[in-house]
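So that you can map any letter, position 198 of the sequence shown is 197 in numbering that gives the first Met the number 0, and since no number is skipped, the others follow by simple counting.
The next block holds one structure in the form of structure tokens; read it before the comments.
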Amino acid sequence: MPGPRLAADPMQYEVFRILDHAGVDELVRDLASRQFIDGKATAGGGARDIKHNLQTSSDGAEAQSAEKKALAALTAHADFCAVAMPQRIAQPFFSRYEPGMYYGPHIDSSFMGGFNGVRTDLALTLFLSPPSSYDGGELVIHRQRGEEPIKLDAGEAIVYSAGTLHRVAPVTRGVRLAMVTWIQSAIGDADLRETLLDLGRIARQAEDENCSFALALNRSLHNLIRYATRR
0 MPGPRLAADP MQYEVFRILD HAGVDELVRD LASRQFIDGK ATAGGGARDI KHNLQTSSDG
60 AEAQSAEKKA LAALTAHADF CAVAMPQRIA QPFFSRYEPG MYYGPHIDSS FMGGFNGVRT
120 DLALTLFLSP PSSYDGGELV IHRQRGEEPI KLDAGEAIVY SAGTLHRVAP VTRGVRLAMV
180 TWIQSAIGDA DLRETLLDLG RIARQAEDEN CSFALALNRS LHNLIRYATR R
């Protein structure tokens, strides 16, 4: 699969092809018989007033088929793992936006499932509807230079800082289906994670080019990761 596509601003977001179209179709079939409930059920505080969508029920049961398949695809994706360095991934849920539905500007909670749950270093949205099948529904990320609307192909996922102000634009036609989850990275500091990612890319290039210092560079990289993840 192709590598990640970087935004103009480093670490603002990255895009990955997580599923091919057959994998998307399989997930969508799994969801056809699932119950979708009012998204306000999981919204906290003022978010209840701005969250207008449907999502799969979260009743504490074990992950169902679609969730298991999505998590397996994420953890098997080498580029995603290299960028996110996932230590824990929150139980995903699937959202559905029909005409008139939207989610206003908000920032994700710092933990999912309480303080013993998953710390939300990164957020992920996996698009499951072809972009031509609906109007509106863009994931709009607020950046220093203004808002950036993002609508990806079905099977592509965007990963971005969970502390980013964002919203989902109103859907005006069709249905927007997506999966959402959050990642607790083994490297909680975003700047350090980016530095280690850059070093990893340099180390892989050195290996590919059979550089004499490739082994020493790899050793230093993994020693830094061990140091950074000490409790």
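All C-beta atoms in this analysis are idealised placements derived from N, C-alpha and C, irrespective of residue type, glycine included.
Could you tell me how far apart the beta carbons of Leu-18 and Phe-93 are, in whole angstroms, since I believe they sit closer than 8 Å? The beta carbons of Leu-18 and Phe-93 sit about 13 Å from each other, so the pair does not count as a contact at 8 Å.
8 Å Cβ cutoff met for Ala-81 and Gly-199: yes
Cα separation between Thr-41 and Leu-123? 17 Å
Tell me which residue opens and which closes the beta strand (DSSP E) that Ser-160 is part of. 155 to 160
What residue from Thr-194, Ser-108, Gln-183, Asn-217 has the CA that sits closest to Pro-85's CA? Gln-183
Would DSSP call Leu-164 helix, strand or coil? coil
Option nearest Tyr-102 by Cα separation, candidates Val-139, Arg-229, Thr-119: It is Val-139 whose Cα lies nearest to the Cα of Tyr-102.
Distance, Gly-45 Cα to Ser-108 Cα: Roughly 12 Å between the two C-alpha positions.
What number of angstroms, rounded off, separates the C-alpha of Leu-216 from the C-alpha of Ala-227? 16 Å
Please tell me whether Ala-83 and Leu-121 are closer than 8 Å, where the distance is taken between their beta carbons. Taking 8 Å as the cut-off, the beta carbon of Ala-83 is found closer than this to the beta carbon of Leu-121.
Within 8 Å, strictly: CB atoms of Thr-171 and Pro-104: no
Taking Ser-56 as the reference, which of His-76, Thr-74, Phe-35 has the closest Cα? Phe-35
Contact set for Ile-224: own chain, Cβ-Cβ below 7 Å, skip 5 residues either direction: The answer, listed in chain order, is Leu-195.
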